[in-house]
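As structure tokens, the structure follows; a few thoughts come after it.
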Amino acid sequence: MATRDFSKYFLYRHRYVIGYGLIGLLLTALLIFAGFYLPGALSAAETRSVVRAASLSLSDTSSLAITNLPYYAFQAGIFAVFGVSIFTIKLPSLILALLSAIGLVLLLRRWFKPNIAVLASLIAISTGQFLFIAQSGTPSVLYIFWPILLLLLGTQITRGKKWRFLWKILFAIVAGLSLYTPLSVYPLIAIVLAMVLHPHLRSIVRRLSKVRLSIVTVIFLAIITPLVLLCISSPQLGLALLGVPTSWPPDLGANAIIVLKQYFLFWEPSATELMTPVFGLGSALLIVLGIYRLIRTRETTRSYLIIFWFICLIPVLLLNPSFTSVTFVPSVLMLAAGLTSLIGYWYRLFPLNPYARIAGLVPIVLLVGILLTTGLVRYGYGYHYSPNVAPLFSTDLALLPENTTIVVSNEEYPFYKAVAKYEKNLQVTTTLTKPTAVVSHDAWKNTDGYTITRIITNSRADLADRWYMITRQ
1 MATRDFSKYF LYRHRYVIGY GLIGLLLTAL LIFAGFYLPG ALSAAETRSV
51 VRAASLSLSD TSSLAITNLP YYAFQAGIFA VFGVSIFTIK LPSLILALLS
101 AIGLVLLLRR WFKPNIAVLA SLIAISTGQF LFIAQSGTPS VLYIFWPILL
151 LLLGTQITRG KKWRFLWKIL FAIVAGLSLY TPLSVYPLIA IVLAMVLHPH
201 LRSIVRRLSK VRLSIVTVIF LAIITPLVLL CISSPQLGLA LLGVPTSWPP
251 DLGANAIIVL KQYFLFWEPS ATELMTPVFG LGSALLIVLG IYRLIRTRET
301 TRSYLIIFWF ICLIPVLLLN PSFTSVTFVP SVLMLAAGLT SLIGYWYRLF
351 PLNPYARIAG LVPIVLLVGI LLTTGLVRYG YGYHYSPNVA PLFSTDLALL
401 PENTTIVVSN EEYPFYKAVA KYEKNLQVTT TLTKPTAVVS HDAWKNTDGY
451 TITRIITNSR ADLADRWYMI TRQ
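At position 387 of the sequence shown the residue is numbered 387 (my numbering), and the sequence of numbers has no breaks.
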């Protein structure tokens, strides 16, 4: 009986096109869903991000002495063009998350086989952590964006045949800009250590043109010079970029317990401004399998890089466990390595039997489908139905009437003042003086002499009265 040639089947010949198309459709749908609908509101961190973006001024250098300066500048630019709304607050992160996902697919395709790249990408973009970071109008998306871009450009430098000088220039630009983000120095340290200690990378560095390397170095130094000056004028900025906690000494034992709960407390999941555990049980098992493969193939450049990366990050997490997002990219790489081991083991069992090889893909596809579904379900239920999460997010900005004067509390004033900077028809005050105004829930106090004409509410069961439209009697 002749062996059937599966390469002639349409689905087999176009399997990767179908896979990448599925990734594109899923990514687009998820980003739209997360950006507009879930949670569809602002956290306290997002309101602080708006205040920081609106406070940037070239005439006041102290306003520039903040972490994640490129993100806030990007966000301020979007506000200047489109105004401030819940969507425009989240828009910078959605754009960077889209670019991060595309970069992750390209990186996985360069580091692993195409089938692994497709499966690992599907799992990664459907995790609750990625979706929450993608829709959060805060710089947390940079913890994913910078490492992916650095690794992708570094891979292009070492493996690419065309435009290598362009890749070097882009790498210098990205490396310089990434240093404005906390903890971004550690992936760079891991890359430098891998270049120094791994023989293959050392030989590549030796062959680099000294003239071009000098040009790239000058570009890098030019980008980080403002950061160095800001750190000199404000030493606290340098400590924040290194991830040093503000309170010292930290409780390492308590921090270690927090880190373990964030990653391994599978029987007690929770959703606040951070969904824990970070990865589901199935993904975590694949990551463990990937770590085992990492140890077995420790002589490769990828293993060198990831090992040094984890060595740098573990002490930082023990000092400041709030930086959970920095482990997302290396964890996804380990997950892809785990999938490689799993599929490779099955193929080694049946090296010549195409039917067995294809049959073995069925449980693997089911596994990936389950991981994808559970990730989406965790995110959906965690940020839509959890009663503990609802009070952490506010839709008050979306409820505001146009062309009005609002009265807010002292705590709310910085945020709405920042909004008014880009919304010319909005006036903000903390004192009630005009004959008509809109008063926030938190500012509602003595309003003798005024009559409520309308109460603006949200869809929640508790504390639904958010704004009061009042008129002087």
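Positions of the beta carbon are idealized from the N, C-alpha and C atoms, including for glycine.
Given the structure is predicted, the values throughout are model-derived calculations rather than measurements.
Local conformation of THR276 per DSSP, three classes: strand
Residue from LYS162, ALA190, LEU318, THR300 with nearest C-alpha to PHE308: ALA190
Rounded distance between the beta-carbons of GLY137 and PRO92, thought under 8 Å: 7 Å
Three-state secondary structure assigned by DSSP to GLN427: strand
Spatial distance of LEU221 from GLY176 (CA atoms): 8 Å
Host beta strand (DSSP E) of VAL439 (start-end): 436-440
Pair within 7 Å by beta-carbon distance, ARG110 and THR47: no
The ligand GDP heavy atom lying under 6 Å from the CB of ASN425: Questions concerning the ligand GDP fall outside what the structure shown contains, since it holds no ligand whatsoever.
Coarse secondary structure for ILE295, derived from DSSP in three states: helix
Inter-stretch contact at 8 Å, needing at least 3 Cβ pairs: the region 124-138 / the region 88-108: yes
Contact between the region 17-36 and the region 49-66 (3+ Cβ pairs under 8 Å): no
Cβ neighbour criterion (16 or more within 10 Å) applied to VAL438: buried
Among PRO39, ARG466, TYR468, ARG302, nearest to PHE112 - alpha-carbon criterion: ARG302
Complete beta strand (DSSP E) runs within the region 375-404 (minimum length 3 residues, chain order): none
Neighbourhood of LEU305 by C-beta, 7 Å cutoff - its chain only, sequence neighbours within 5 removed: ALA190, ILE191, ALA194
C-beta contact flag for PRO147 and PRO187 at 7 Å: yes
Spatial distance of LEU318 from ILE116 (CA atoms): 32 Å
Beta-carbon proximity of GLY83 to GLU402, cut-off 7 Å: no
Own chain partners of LEU131 with C-beta closer than 7 Å, once the 5 adjacent residues on each side are dropped: LEU30, ALA34, TYR379
Per-residue burial, GLY280 [other beta carbons within 10 Å of its own, 16 or more giving buried]: buried
Backbone secondary structure at TRP444 - three-state DSSP: coil
For THR471: DSSP bridge partner residues: THR436, THR451
Boundaries (first-last residue) of the alpha helix (DSSP H) holding HIS200: 199-206
Contact belief for LEU265 with PRO277 at Cβ below 8 Å, rounded distance in angstroms: 6 Å
Residue(s) in a DSSP beta bridge with THR457: ASP465
Where SER85 falls: helix, strand or coil (DSSP): coil
Beta-carbon gap between ILE455 and ASP465 smaller than 7 Å: yes
Expected contact under 8 Å - CB spacing of GLN427 and THR451 to nearest Å: About 21 Å separates the two Cβ atoms, so there is no contact after all.
Whole-angstrom distance between HIS441 and TYR468, CA atom to CA atom: 7 Å
The region 156-173 contacting the region 196-216, beta-carbon criterion three pairs below 8 Å: yes
Alpha-carbon to alpha-carbon, THR324 and SER55: 27 Å
Neighbour-count burial assignment, ALA2, 16 or more Cβ in a 10 Å radius: Note that ALA2 scores 49 on pLDDT, short of 50, meaning its location in the model is unreliable; the coordinates nonetheless yield the value given after this. That one is exposed.
Straight-line Cα distance separating LEU333 from THR61: 39 Å
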